[in-house]
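See structure below.
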Amino acid sequence: MAYHKNKQYPIPVVGAYIFNKQGKLLLIKSKKYKDKYGGPGGHIEIGETIEQALKRESLEETGLLVSKPKLFDIKELIDSKEYKASGHFISFRMYCRALSNKVKLDQREAYGYVWAYPEKALKMKVIAPTKQSIKKLIKLKNDGKLF
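Quick note: the sequence shown uses numbering that gives the first Met the number 0, first residue 0, plus one each step.
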């Protein structure tokens, strides 16, 4: 990730919080997260909806088809120390359901992954913005509003 070419506007990105049928969350380990865990995601392309970007990024980075995407959080990230590259990003956080557990990582994006219950994920080496979103997901789950 890098600054937009003209550096006048923030870059819209999507963050995928992918759950399997067992209620576990997919976390990927990536150099872009300084070797910590985070979620798949990336830039929203011109002409693409947030939902389309979520499905594309999920497939590209993890090999997973996903369903039932729902927006649950929006984060503004400005030169976050949690990320290898700097920039100003508006991150649309969406949770969704994986149609299978067969992860096939794009090795350019990530080199490891784990399926973890959200409560356990909070105890792992996870980047701070992802931890904040996981806490929101746990609250949604406890309130009966997740899926």
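Here a beta-carbon is modelled for each residue, glycine too, at the ideal position from N, C-alpha and C.
- Counting only residues of its own chain and dropping the five nearest sequence neighbours on each side, residue 72 has a CB closer than 7 Å to the CB of 92, 132, 135.
- For a cut-off of 8 Å, the C-beta gap from residue 94 to residue 74 is around 14 Å, too long to register as a contact.
- As DSSP reads the structure, residue 11 sits in a beta bridge with 89.
- Taking C-beta separations shorter than 7 Å and ignoring five residues to either side along the sequence, the partners of residue 83 in its chain run 30, 31, 33, following chain order.
- In the DSSP assignment, residue 68 falls within the beta strand (DSSP E) that extends over 65–77.
- Fewer than three beta-carbon pairs drawn from the region 116–128 and the region 49–57 are found closer than 8 Å, and the two stretches are therefore not classed as touching.
- Straight through space, the alpha carbons of residue 25 and residue 17 are spaced by roughly 5 Å.
- Taking 8 Å as the cut-off, the Cβ atoms of residue 35 and residue 114 do not count as close.
- Distances from the CA of residue 9 to each of 20, 19, 42 were compared; the closest alpha carbon is that of 42.
- Taking all protein chains shown into account, residue 143 has fewer than 16 neighbouring C-beta atoms within 10 Å of its C-beta and is therefore exposed.
- For residue 138, the uninterrupted alpha helix (DSSP H) segment begins and ends at 127–141.
- Taking 8 Å as the cut-off, the beta carbon of residue 124 is found no closer than this to the beta carbon of residue 62.
- CA-to-CA, the gap between residue 100 and residue 111 works out to about 14 Å.
- By a beta-carbon distance limit of 8 Å, residue 44 does not contact residue 108. Their separation comes to about 16 Å.
- A straight-line Cα-Cα distance of about 20 Å links residue 85 and residue 27.
- Distance from the CA of residue 139 to the CA of residue 19, rounded to the nearest whole angstrom, comes to 16 Å.
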